[in-house]
Every structure is written in structure tokens, then in C-alpha cells.
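What follows is one structure encoded as C-alpha cells, with my remarks underneath.
Chains as they are written, first to last, in this note's numbering: chain C, -17 to 55; chain Y, 536 to 1067.
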């Protein structure tokens, strides 16, 4: 099992976490939604895996490139 | 004694001995830096320069120039061997069209510079002269670190910067397509030439590019850093945009070079090659009717949208991993090459940040230079805002993008998909031509988006209201009703509003019609003024 971090592509605030710890995701699935520039920008996972933990809470501010969750393959 | 001379029985009656020497010299040239050096090079996962040329160009098309250059070793008058000059170059064909191609031979002194009577490659070398003189594309296969301080020993003096300068490299950028592939570690002059190109590419795991490598960095700044962290693709391509694209292997690199050149004319006096498209120009994809969500806060996949509009399988994306708020692709429409500039709502809602601005500047200039019509698919809320954006000089680079867009003279088609706001929106129209702006029913525009604008313009009224948030919403709704694109179309402030499904046939028709203008305006583009 290998862990990897999912990073936010944009700065903004976490609007909604739409997945749960333990949930299996496929490449292209939305992990959470960040509000940025008045838009709901999905954080999309590029490779599938299981959500191990979130590194941010809803409404937290995030920076571009910041790790927001850990997934395992 | 008669006047007749007796033939020397041992003397040859033809030039075979010299041809034999020629073969010996050619054999040494093909041996590169020797079997051991070549094996080490292969172990590092890299091809030799001769293999690179062979993999890149049309089979059997390479005609080498300067094969015999190098350092001969003699036993008295007899040649023993030749150490070749560490640069291989010549004339070749890609897809049947001539190209000038050359690159450093890393197996000989790491591809460092060589001092003959005339330079083969590098700044001002024969290969650049050939590209300029014959007006054919230049492909630089870069695998060298340029000069070395040891040259001072050889010459007895140091060289003034620019004696072997970039003037020819700069001239080429306005005349013929120049492609640079970084296929090893490039520093100094070769790194500079990688940048002086219309399109550049590097290979994951084996290539690095920087002004100076780790030893110089450690000596200058005390920083210990690996080559990968200093100038590997994650830094040079994804983060900095120093190099345009990254690929996973040298073979993919050569395939991409061939692909890039397939969109380019051989020079600025010609138009890009037209292909026979099997994709009907009147194709109307249903998906376009629903691709933009009615909820303005929800983004959509702009890459998919582009795919519905251009010829099938014709997309080649430039800088896909840098400046992701903007998408720049070369593509074809009804067989004609176009450059598509599209805002990406998935990243900062498509706002133009400093990276997107730089990306747009280079792409628009390149398309303008090679007479490639531009299609702007606009969904831009404006320049990126915030402290980080201001600190990065988004305003300055953003205005440079606007400036370059307003100087372009190539036919340009503006298709407003959703938002077109502010100064960033101004750089998407053809001010030197027809200024044809078409819009989808989902389009909206103005000097700034209503949401932010209402809060600023009606600040006191909102603050004085019993329910400030409610009053702000009411004001937004009132203004939004007036902001319908149909009202602007009534005033001919936008030339047409179209069913999104009809975007492809509409554009194909106008791009076909612009070929006459394109044919009669070829040649170098004049540059004037001072970029802000």
C-alpha cells in the first residue's frame, strides 16, 4: 500500500468535502470542492485510491499546491 | 633517354586510397566518443546524437554536413584516428519537408564547444545559417553545457560574451520555426538556445535545464541542490514554464517534434500546410448545448469543449502543465491550422494569472508570426486578484498579453463562452482586422463581474439597507437582467449570438474565407513599440 497526497490546484477556501475517509475513488473523481474566484472548483484525483485522511477542514483556507488529503493505492 | 615517362607500376590509377581514407575518417565520425562512452550514455537511458537524428527524421533522409570535423591524430603523415567534433548536424526531412537538424554529442567531452574554422552548431553555427539561408525549420537536439573556463588556457585570453552570440538565433525566431529539445543537462549557451525557440520540450528523468548547475549554485549561494530539484521537468516545465512540454521518453519527444512541425509552415513566407480533413465542417455536437452549467459557480471541462469544435484528433497542446488557468492548443478546422486560446474555468475560474499571461503572450506571438488564425474561447472573469497575484506582477504581464494581442494582425475569432470581463477580455479581439465577436447564449461581459462590482459601486446603499446581503442580491439581479447578451447583440456590440452546437460550422466558414487574406499577407511581421 502506498500513500500519496492530493494537492489543491488553486488557492481559495474549502467549500465542501464530498467524500469520506475510507471511500474508494477512481481517477477523475471529485474529492472536495474549493471556492475560488467565486467558483466551485473541484479537486479531482488523478489516480484512484482510498481516502486515508483529510488534511484540511471545510471552510479552511488553502494555497495553490497545498496537500489537502492523503490517499492510498 | 626518350621523352616518355615510365608509369609507376605501384601507383594507383584512381582515387581509391583517398576514398579509403575518407571511409576511415567517416568510420571514426560514426564511432562518436568510442564504444565505452556510448555504452555509458546508453546506460543513462539516452540515445546518441546519431540515433536521435535517425529516430527523428524521415528514414534515410539525413545528409550530414561536417562529418569529417574533429581532431586528427597522425603518425608522421599517416592518419591514425580522428576524434570527432562533439556536434552532429545536417539536412534532413520530416514528413517530406526539409529541416536543419543538429545536436551535441555528449559522448565526446560532454558535448562541450569545439573550435574549428567555422562553428557547426550552437550560436551562429552552420546549422543556424542553413536554416536561415534555405528558410527551413531548425531542430536543436540539445545535450551539452556550452563553454568551459578551460578554453582560456587554450586561447590565452577570455572570450567577450556575445562574440559567438545569439543574433542568428534571434533572427531565426522571426523567419522559420525553431524547435529545441533538451535531451540531457543543458546549461549556459545551450540552455539559452533552448529558450530561443518557438517550442521546446524535455524528457522526464534524463534532462535538466538551468542557467548554471549545482556546483556553481553551491559556490555562489551556498545552496546544495540536486540537478532534478534545480532544473528537472517539475521545475523547468510545470512550475517555471522555462521549457514548454515534458515527455516520458526520447521517442515520444521526437514524435512530438514531428507533430509540432506538422502545424508549421517551413518559413514565414508560406502558410501552414493544410490537410484533408475527414471531419465534416458542418458537424454540430449536441453536447455543446449543455456543456456550460446554468449555475454560474460551476466550472466545466474546457478541453472537452475544444474537442467538440476542432477537427477530430487534431489537438496538440502547448504548455499543458504550466499556467493552467489558460489552455493553448494548435489544432485544425476543416483542415486549416488554428491556434486556440481558451480560458480554463477549472483553475481560478479562468482568471488570468501571471503564468497564464506569459503563456498567452508566447502563443499569440507564435501564431501571429506563422499566419495561424487565432480562436479565442473566452471565459475570463478578469486578471487574477489578491496579494499573491499583485506581488507576482499579474497586472504588468497581463497588460503585456493585452498589448501583444492588440498588435497581432492574423485573423482572430472571438467566441465568448461565458465570462468576458475587464482588461483580460480586451486582449481577445482582433483590433487590426474584422473584430468578429460571436457569443453563446451563456455569455456575459462588462468592465467587471456584477457580483464584485455591485459590492463596490453600491457600498453605501448596501450598508444602509436593513438586510445588507438581501439588498446586494437585489441589485445584482436588477443589473444581471440588463446584462443579457441579446441586448448587446441588439446594439451590434457583439456581431452574432449562435447556438453553441453551430460553433464549428460557423468558425470553419469564416476561417476558410480568411485564406485569401492570409495568402496575401505572408512574410515577416514588423515589430514596433515598447512592450509594457
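By construction, the Cβ of each residue, glycine as well, lies at the ideal position given by its N, Cα and C atoms.
Inset, instruction - To the nearest angstrom, report how far apart residue 593 of chain Y and residue 797 of chain Y are at their CA atoms. - result: By 1-based counting over the second chain, the position of residue 593 of chain Y is 58. By 1-based counting over the second chain, the position of residue 797 of chain Y is 262. Their backbone Cα atoms lie some 13 Å apart in a straight line.
Inset, instruction - In the DSSP assignment, find the beta strand (DSSP E) that holds residue 911 of chain Y and state where it starts and stops. - result: As a position in the second chain, residue 911 of chain Y is number 376, starting the count at 1. Segment 909 to 915, the beta strand (DSSP E) holding residue 911 of chain Y.
Inset, instruction - Provide the residue span of the alpha helix (DSSP H) that contains residue 1003 of chain Y, from first to last. - result: For this step, residue 1003 of chain Y is matched to residue 468 along the second chain. Unbroken alpha helix (DSSP H) run through residue 1003 of chain Y: 1003 to 1017.
Inset, instruction - Determine the extent of the beta strand (DSSP E) in which residue 867 of chain Y is found, giving its start and end residues. - result: As a working mapping, residue 867 of chain Y is identified with position 332 in the second chain. Per DSSP, residue 867 of chain Y belongs to the beta strand (DSSP E) from 861 to 868.
Inset, instruction - Please state whether DSSP places residue 899 of chain Y in a helix, a strand or coil. - result: Translated into the one-based positions of the second chain, residue 899 of chain Y becomes position 364. In the structure shown, residue 899 of chain Y sits in a helix (DSSP, three-state: H, G or I).
Inset, instruction - Could you tell me whether the Cβ atoms of residue 947 of chain Y and residue 909 of chain Y are closer together than 8 Å? - result: Counted from its first residue, the second chain places residue 947 of chain Y at position 412. Counted from its first residue, the second chain places residue 909 of chain Y at position 374. Yes, the Cβ-Cβ distance between residue 947 of chain Y and residue 909 of chain Y is below 8 Å.
Inset, instruction - Determine the extent of the alpha helix (DSSP H) in which residue 1043 of chain Y is found, giving its start and end residues. - result: Start at 1 with the first residue of the second chain, and residue 1043 of chain Y comes out as number 508. Start and end: 1038 to 1048.
Inset, instruction - Give the secondary structure of residue 502 of chain Y by DSSP, where H, G and I count as helix, E and B as strand, and everything else as coil. - result: This structure gives no information on residue 502 of chain Y, because the portion of chain Y shown stretches from 536 to 1067.
Legend entry - Beta carbon proximity, residue 632 of chain Y to chain C, threshold 8 Å: As a position in the second chain, residue 632 of chain Y is number 97, starting the count at 1. Taking Cβ atoms only, chain C never reaches closer than 8 Å to residue 632 of chain Y, which makes this a no.
Inset, instruction - Could you work out which residue in Y:617, Y:1015, Y:844 is closest to residue 986 of chain Y when comparing CA atoms only? - result: Indexing the second chain from 1 puts residue 986 of chain Y at position 451. Comparing Cα positions, the closest option is Y:1015.
Legend entry - Beta-carbon spacing of residue 33 of chain C, residue -13 of chain C below 8 Å: Within the first chain, residue 33 of chain C is the residue found at index 51, counting from 1. Within the first chain, residue -13 of chain C is the residue found at index 5, counting from 1. Not closer than 8 Å, so no.
Inset, instruction - Whole angstroms is fine: what's the gap from residue 836 of chain Y's alpha carbon to residue 826 of chain Y's? - result: Here residue 836 of chain Y refers to the residue found at position 301 of the second chain. Here residue 826 of chain Y refers to the residue found at position 291 of the second chain. For residue 836 of chain Y and residue 826 of chain Y, the distance between alpha carbons rounds to 8 Å.
Legend entry - Proximal residues of chain Y, C-beta to C-beta of residue 23 of chain C below 9 Å: Here residue 23 of chain C corresponds to residue number 41 of the first chain, with the count starting at 1. By Cβ distance, chain Y contributes 834, 880, 881, 882, 883, 884.
Legend entry - Residue range of the unbroken beta strand (DSSP E) whose run includes residue 955 of chain Y: What you label residue 955 of chain Y is simply residue 420 of the second chain in a count that begins at 1. Run containing residue 955 of chain Y: 947 to 956, per the beta strand (DSSP E) assignment.
Inset, instruction - Could you check the C-alpha separation between residue 53 of chain C and residue 10 of chain C for me, to the nearest Å? - result: Position 71 of the first chain, counted from the start, is the residue given in the question as residue 53 of chain C. Position 28 of the first chain, counted from the start, is the residue given in the question as residue 10 of chain C. Cα to Cα, the separation comes out at about 14 Å.
Legend entry - CA-to-CA distance, residue 669 of chain Y to residue 722 of chain Y, given in whole angstroms: Locating residue 722 of chain Y in the second chain gives position 187, where the first residue counts as 1. Locating residue 669 of chain Y in the second chain gives position 134, where the first residue counts as 1. Near 29 Å, if we compare the C-alpha coordinates of residue 669 of chain Y and residue 722 of chain Y.
Inset, instruction - On the DSSP bridge assignment, give the partners of residue 622 of chain Y in chain order. - result: Along the second chain, read from residue 1 onward, the residue named residue 622 of chain Y stands at position 87. Answer is Y:639.
Inset, instruction - In the DSSP assignment, find the unbroken alpha helix (DSSP H) run with residue 560 of chain Y in it and report its ends. - result: Reading the second chain from its first residue, position 25 is the one you call residue 560 of chain Y. That run of the alpha helix (DSSP H) goes 551 to 565.
Legend entry - Under 7 Å from the C-beta of residue 916 of chain Y: neighbouring residues of chain C: Walking along the second chain from the start, residue 916 of chain Y turns up at place 381. Those within 7 Å of residue 916 of chain Y in chain C are 19.
Inset, instruction - Could you check which residue in Y:872, Y:815, Y:980 has the C-alpha nearest to that of residue 1039 of chain Y? - result: By one-based count along the second chain, residue 1039 of chain Y stands at place 504. Among Y:872, Y:815, Y:980, the Cα nearest to that of residue 1039 of chain Y is on Y:815.
Inset, instruction - Compare the C-beta of residue -8 of chain C with all C-beta atoms of chain Y and state if any pair is closer than 8 Å. - result: For the purposes of this step, residue -8 of chain C is taken as the residue at position 10 of the first chain. Interface residue, yes.
Legend entry - Per-residue contacts from residue 1007 of chain Y into chain C (C-beta, under 7 Å): In the second chain, residue 1007 of chain Y corresponds to position 472, counting from 1. Those within 7 Å of residue 1007 of chain Y in chain C number zero; the least Cβ separation is about 13 Å.
Legend entry - Neighbourhood of residue 24 of chain C by C-beta, 7 Å cutoff - its chain only, sequence neighbours within 5 removed: For the purposes of this step, residue 24 of chain C is taken as the residue at position 42 of the first chain. 12, 15, listed in sequence order.
Legend entry - CB contact check: residue 859 of chain Y to chain C, cutoff 8 Å: Looking up residue 859 of chain Y in the second chain gives position 324. Closer than 8 Å: yes.
Inset, instruction - Please name the residue or residues paired with residue 12 of chain C in a DSSP beta bridge. - result: For the purposes of this step, residue 12 of chain C is identified with residue 30 of the first chain, where counting begins at 1. According to DSSP, which records beta bridges pairwise, residue 12 of chain C is partnered with C:26.
Legend entry - Burial state of residue 1027 of chain Y, where buried means 16 or more other Cβ atoms lie within 10 Å: As a first step, residue 1027 of chain Y must be located in the second chain, where it is residue number 492. Per the 10 Å Cβ criterion, exposed.
Inset, instruction - Spatial neighbours of residue 8 of chain C within its chain, please: CB distance less than 6 Å, with the 5 preceding and 5 following residues excluded, ordered by chain position. - result: Locating residue 8 of chain C in the first chain gives position 26, counting from the first residue. Excluding positions up to five away in sequence, the list reads 30.
Legend entry - chain C within 8 Å of residue 986 of chain Y, Cβ atoms only: Taking the first residue of the second chain as 1, we reach residue 986 of chain Y at position 451. By this cut-off, residue 986 of chain Y is an interface position.
Inset, instruction - Go ahead and pull the three-state DSSP assignment for residue 964 of chain Y. - result: Numbered from its first residue, the second chain carries residue 964 of chain Y at position 429. In the structure shown, residue 964 of chain Y sits in coil (DSSP, three-state: anything other than H, G, I, E or B).
Legend entry - Any 3 or more C-beta pairs closer than 8 Å across the segment 842 to 849 of chain Y and the segment 885 to 898 of chain Y: no
Inset, instruction - In the DSSP assignment, find the unbroken beta strand (DSSP E) run with residue 677 of chain Y in it and report its ends. - result: In the second chain, counting from the first residue as 1, residue 677 of chain Y sits at position 142. Residues 673 to 677.
Inset, instruction - Starting from the C-beta of residue 1006 of chain Y, find all residues in its chain whose C-beta is less than 6 Å away, skip the five residues before and the five after it, and write them out in chain order. - result: Here residue 1006 of chain Y corresponds to residue number 471 of the second chain, with the count starting at 1. Correct list, in chain order: 997, 1000.
Legend entry - Cβ neighbours of residue 786 of chain Y in the same chain (closer than 8 Å, five flanking residues each side left out): Indexing the second chain from 1 puts residue 786 of chain Y at position 251. Answer for residue 786 of chain Y: 590, listed in chain order.
Inset, instruction - Tell me, please, which residues DSSP counts as bridged to residue 971 of chain Y. - result: Walking along the second chain from the start, residue 971 of chain Y turns up at place 436. Paired residues: Y:948.
Legend entry - Length of the line joining the Cα atoms of residue 1010 of chain Y and residue 1019 of chain Y: Sequence index remark: in the second chain, residue 1010 of chain Y carries index 475 (1-based). Sequence index remark: in the second chain, residue 1019 of chain Y carries index 484 (1-based). Distance between the alpha carbons of residue 1010 of chain Y and residue 1019 of chain Y: 15 Å.
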